[in-house]
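Each step along the sequence shown adds one to the number in the numbering used here, with nothing skipped, and position 41 is 54.
Backbone N, C-alpha and C fix where the C-beta goes; we use that ideal spot for every residue, glycine too.
Remember, it's a predicted structure, so these values are computed and weren't measured experimentally.
Below: one structure, written as structure tokens.
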Amino acid sequence: MAKIKTIGVLTSGGDAPGMNAAIRAVTRSGIYNGFKIKGIYRGYEGLITGDIKPFTTENVSGIIGLGGTILKTARSMGFKTLEGRQQAYDNLVKEGIDALVVIGGNGSLTGAMKFAQEFDLCCIGLPGTIDNDLYGTDDTIGYDTTMNTIVECVDRIRDTAQSHERIFFVEVMGRDAGFLAQNSAIAGGAEAAIIPEDSTNVDQLARFMERGIRKSKRSCIVIVSESPKCGAMYYADRVRKEFPDYDVRVSILGHLQRGGRPSARDRILASRTGVGAIEAILQGQRNVMIGVRNNEVVYVPLSEAIRSDKPLAKELIKVLDELSI
């Protein structure tokens with residue numbers, strides 16, 4: 014394998030708080046270890062269009078506390094085609110980029126794996142997604158900040174729920190994983206969480222309602238993972254039909270969850286995995302995601318990170334079940 018001299022870095026998919034801290038870590042650690050760093054703007058689309066610029070330490074100065082991503086991000090339909098990926102690779106060769114660091118979620122790392130396989134390229138992934146659904150790392154970059162944002166919103170919603178004796182269904186992000194919903198329900202003192210890992214039927218919904226009655230209150234909060242078929246609006250409509258005496262409201266937090274200054278935990282995670290990416294390249298690692306498991310930096314094959322289902326601890330369901338009586 015030819016010696017790697019220049020590393021490209023990009024952010025792809027949905028933005029996550031802490032991505033800038035990761036860009037900073039990759040850039041500074043890379044320069045410290047003798048590599049040239051080039052920033053690729055607008056994700057894989059920027060690879061295709063050649064939107065690539067040399068990065069120095071000055072480019073990443075003062076960004077560790079910023080939300081979003083200074084490299085921007087975009088969906089790329091072109092990268093899903095072989096012609097698009099060929100153009101992207103040609104631009105990498107033109108820019109002299111020998112290795113690629115991709116900061117993103119499941120879809121982004123899937124693209125990195127395919128790109129690496131087709132062109133025998135060194136690709137390193139960093140787990141940048143608020144959903145926390147990548148296997149092989151305890152947490153993903155952005156998850157902790159998003160969790161704190163959700164809990165703050167739930168605390169505010171509870172004031173209104175109690176004042177007006179209402180039932181609130183609060184819809185949060187998470188894609189196909191319930192980590193955000195389950196843990197924010199525990200942290201926010203919600204009465205229930207409806208997540209993909211623990212499907213809720215009418216009997217469970219009735220049980221949630223009965224608990225509210227048993228506690229002599231007519232207000233409660235249910236956190237619901239987003240779903241095109243049965244999100245918060247679906248469950249609210251069911252309660253209106255099945256329990257017409259209750260006043261029901263829906264709050265869909267949406268993209269409010271993505272923004273904001275990253276928490277200390279996300280900044281540290283991004284910094285550790287960013288440095289870990291450079292260390293992996295120095296060691297000759299290829300096509301791995303950098304994670305942190307049991308407080309240790311680990312290298313996870315991209316194929317394992319994106320294809321394995323990350324289990325949600327059933328204990329969390331039990332904790333919420335017992336504490337919501």
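Secondary structure note for M126: its alpha helix (DSSP H) is the uninterrupted segment 119-132. DSSP places E178 outside both helix and strand once states are collapsed to three, so it counts as coil. Looking at the DSSP output, I154 sits in a beta bridge with G141. Around G97, the same chain offers I61, G91 as residues with beta carbons nearer than 6 Å, after the five sequence neighbours per side are excluded.
Bounds of the alpha helix (DSSP H) holding V252 are 245-255. Apart from sequence neighbours up to five positions away, the residues of its chain that approach I291 with a beta-carbon distance below 6 Å are S42, G43, N46, ordered along the chain. The three-state reading of DSSP puts E317 in helix, counting H, G and I together.
Taken atom to atom, the span from the alpha-carbon of Y54 to that of D258 is near 53 Å. Contact between the stretch 328-338 and the stretch 194-207 is present: 3 or more CB-CB pairs across the two stretches fall below 8 Å. For E184, DSSP records a beta bridge to V237, I265. Short of 6 Å from the beta carbon of T286, and not among the five residues preceding or following it, lie these beta carbons of its own chain, in chain order: L139, I303. Taking C-alpha positions only, E328 is separated from D151 by approximately 16 Å. Residue environment analysis places A277 among the exposed positions, since fewer than 16 neighbouring C-beta atoms fall within 10 angstroms of its C-beta. Cβ-Cβ separation between R271 and G27: approximately 7 Å, consistent with a contact (criterion under 8 Å).
Buried is the label assigned to A245, since at least 16 other Cβ atoms lie within 10 Å of its Cβ. A direct Cα-Cα distance of roughly 43 Å separates L269 from K16. For the stretch 64-119, the continuous alpha helix (DSSP H) assignments of 4+ residues that do not extend past its boundaries occur at 95-108, in sequence order. Per DSSP, R299 lies in no alpha helix (DSSP H) and is assigned neither H nor E. Here Y54 carries a coil assignment [DSSP, helix/strand/coil]. Per DSSP, G21 is not a residue of any alpha helix (DSSP H); the beta strand (DSSP E) it occupies stretches across 19-24. Proximity to D260 across I180, N307, G267, S240 peaks at I180, based on C-alpha coordinates. Within the stretch 189-215, the runs of alpha helix (DSSP H) at least 4 residues long that lie entirely inside it are, in chain order, 192-200.
For R285, DSSP assigns no beta-bridge partner whatsoever. With fewer than 16 other CB atoms across the displayed protein chains lying within 10 angstroms of its CB, Q296 is exposed.
The alpha-carbon separation between V106 and Q100 amounts to approximately 10 Å.
Between the stretch 155-162 and the stretch 312-322, the count of Cβ pairs shorter than 8 Å is below three; the stretches do not touch.
The C-beta distance from G31 to A283 rounds to 4 Å, short enough to meet the 8 Å contact threshold. Comparing alpha carbon positions, the residue from L23, T19, D279 closest to N161 is D279.
As the crow flies, the alpha-carbon of V73 is around 22 Å from that of S121.
Residue environment analysis places L95 among the exposed positions, since fewer than 16 neighbouring C-beta atoms fall within 10 angstroms of its C-beta.
Around E184, the same chain offers V237, E239, G244, A245, I265 as residues with beta carbons nearer than 6 Å, after the five sequence neighbours per side are excluded.
Distance from the CA atom of S321 to the CA atom of D146, rounded to whole angstroms, is 10 Å.
Here K327 is not bridged, per DSSP, to any residue.
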